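Notes follow once the structure below has been shown.
Number of protein chains: 2
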Amino acid sequence: MSNSVLYMSMSLDGFIAGPNDEVGNPAGDDFMRLHEWYGFQGTPPNTQGTGWGAHFMEEGHATGAVVAGRRSAEQAGHWGGNHHGVPIFVVSRNPPGRDVEKYPLVTYVNDGVASAMTQAKAAANGKDVMMHGGTLAQAALQAGVLDELQIHVIPVLLGAGRRLFDVLPERIELEIVRVIDTPNATHIRYRVVRD
Amino acid sequence: MSNSVLYMSMSLDGFIAGPNDEVGNPAGDDFMRLHEWYGFQGTPPNTQGTGWGAHFMEEGHATGAVVAGRRSAEQAGHWGGNHHGVPIFVVSRNPPGRDVEKYPLVTYVNDGVASAMTQAKAAANGKDVMMHGGTLAQAALQAGVLDELQIHVIPVLLGAGRRLFDVLPERIELEIVRVIDTPNATHIRYRVVRD
């Protein structure tokens with residue numbers, strides 16, 4: 060079965076981007092504080108916390124398609140058209156910029172996240188679908204098309220920035236699938252419980 | 060050494076109380092969703108997640124004093140004057156209500172959380188000090204008098220309510236002290252890192 064999974068590093072106070080998150084300063088000030096755990100690579104995963112970046116990199120690269128919000132896609136320059144070689148679906152009401160024409164793996168979807176997810180799951184051929192972007196993730200949660208959340212809870216209070224979870228219209232139950240305890244982050248994987 | 064510790068159950072989206080949190084509806088709608096893990100008592104702590112309520116109850120009862128915000132204290136009726144038999148310091152700019160006179164263990168402190176913590180640590184006789192209340196905890200963080208946070212991260216998105224962490228004026232680094240992984244909650248204990 061293909062699952063849609065959001066991978067996100069979040070401070071204990073709920074921020075996924077620091078203040079002044081904009082084009083030219085993607086993910087805002089203090090961006091690296093949330094992602095430095097990822098950089099401890101080059102060794103196998105172990106209890107000292109090194110190696111987990113490589114582990115999650117591998118997990119992410121096993122997905123068969125990407126669904127991204129336009130903001131995330133543009134901030135990342137559409138990953139140069141190549142996000143580990145799989146199809147990329149960008150959700151936007153508006154047509155893509157002209158620079159996107161040169162990326163055959165990038166498809167803009169103008170009728171919402173549920174439609175993008177249907178197309179991505181078909182393209183993923185049974186593999187999971189990776190979701191990019193906090194705003195889109197909330198839309199996907201509300202549309203019922205986000206299956207799992209892999210949250211890396213970082214031991215810091217950023218104090219300000221952009222939150223992963225704004226106000227949602229309803230309560231959503233989660234199930235804890237897996238917890239990986241390291242000094243640099245608490246990696247918790249949740250499954251969304253559907254009624 | 061005496062540590063000040065905040066014990067708090069928080070949804071993954073950062074809420075410690077549901078909507079409509081007010082006197083008569085303490086902790087708001089959905090209050091029990093954040094605290095039901097606590098009710099699985101009567102058995103020793105185990106990996107199925109039962110028993111941890113008793114564990115944390117015992118841990119909390121080993122503290123030697125309580126510091127609380129006025130809102131929390133009043134919502135709880137000042138614990139009938141007896142919070143596991145230890146002195147209770149309530150931070151408030153205003154004098155206590157007349158009903159507090161009958162509680163010899165309750166002291167109102169009108170010159171701020173740092174002063175209350177100094178008094179509480181002295182009264183605790185080397186034991187830890189338990190902190191009550193989200194607003195007060197943030198004030199204590201900013202005043203540099205909160206040493207540890209025991210956060211019970213509950214697998215639910217409440218969607219609305221009162222957050223534990225509002226905007227803070229500065230970044231605060233934490234150190235992960237202990238993670239207890241159960242199906243009902245991920246219990247993470249943090250130590251505040253001082254420069």
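Residue numbers (this note's numbering), protein chains in the order written: chain A, 60 to 254; chain B, 60 to 254.
Note that the Cβ used here is the ideal one computed from N, Cα and C, for glycine as well.
Bear in mind the structure is a predicted one, so any value in this text is a computation, not a measurement.
Under the Cβ criterion of 8 angstroms, A:Gly112 is not counted among the residues facing chain B. Between A:Ser63 and the set A:Asp206, A:Gly156, A:Pro214 and A:Val172, the nearest pair of CA atoms involves A:Asp206. Between the stretch 143-150 of chain B and the stretch 108-127 of chain B, the count of C-beta pairs closer than 8 angstroms reaches three or more; the two stretches touch. Of the residues assessed, B:Asn169 falls on the exposed side of the cut-off, its CB having fewer than 16 other CB atoms within 10 angstroms. Identification of residues in the stretch 225-245 of chain B having a C-beta nearer than 7 angstroms to some C-beta of chain A yields Val226, Leu227, Pro228, Glu229, Arg230, Ile231, Glu232, Leu233, Glu234, Ile235, Val238, Asp240, Pro242 and Thr245, given in sequence order. Where A:Phe74 is concerned, the enclosing beta strand (DSSP E) starts and stops at Phe74 to Ala76. Annotation for A:Phe148: the continuous beta strand (DSSP E) segment containing it runs Ile147 to Val150. By the 16-neighbour rule on beta-carbons within 10 angstroms, B:His120 is exposed. Pairing A:Val204 with B:Val212, the inter-Cα distance amounts to about 23 angstroms. Excluding its 5 nearest sequence neighbours in each direction, B:Pro154 has C-beta neighbours in its own chain below 7 angstroms: Tyr167, listed in chain order. Its chain contains Ala124, Val126, Phe148 and Val188 as the residues whose beta carbon lies nearer than 6 angstroms to that of B:Ala179, once the 5 sequence neighbours on both sides are disregarded; these appear in chain order. Using a Cβ-Cβ cut-off of 8 angstroms, A:Ile75 does not count as an interface residue toward chain B, since no Cβ of chain B sits closer than that to its own. In this chain, the beta strand (DSSP E) harbouring B:Met69 covers Ser63 to Ser70.
Rounded to the nearest angstrom, the Cβ distance from A:Ile239 to A:Leu200 is 23 angstroms, too far for a contact under 8 angstroms. For the 8 angstroms CB-CB criterion, B:Val172 and B:Leu195 form a contact. Rounded to whole angstroms, the gap between the alpha carbons of A:Ser151 and A:Ser174 is 11 angstroms.
A:Met189: member of the beta strand (DSSP E) spanning Val188 to His191, first to last residue. Using a Cβ distance threshold of 8 angstroms, A:Asp72 and A:Leu223 do not count as a contacting pair.
Excluding its 5 nearest sequence neighbours in each direction, B:Ala202 has C-beta neighbours in its own chain below 6 angstroms: Val172 and Ala173, listed in chain order.
Under the 8 angstroms criterion on CB atoms, A:Ile147 is classed as non-interfacial with respect to chain B. At a cut-off of 8 angstroms between beta carbons, B:Tyr249 contacts chain A.
Within the stretch 154-173 of chain B, no residue has a Cβ lying closer than 9 angstroms to any Cβ of chain A. Residues of chain A whose Cβ lies closer than 8 angstroms to the Cβ of B:Asp89 are, in chain order, Arg230.
For A:Asp254, the secondary structure class from DSSP, reduced to helix, strand or coil, is coil. For A:Leu233, the beta-bridge partners assigned by DSSP are A:Val251.
Taking a beta-carbon distance threshold of 8 angstroms, A:Asp72 counts as an interface residue toward chain B. For B:Asp80, same chain residues with a beta-carbon under 7 angstroms away, outside a window of 5 residues either side, are Ala86, Gly87, Gly220 and Arg221 in chain order. For the pair A:Pro242 and B:Tyr249, the CB atoms are not nearer than the 8 angstroms cut-off.
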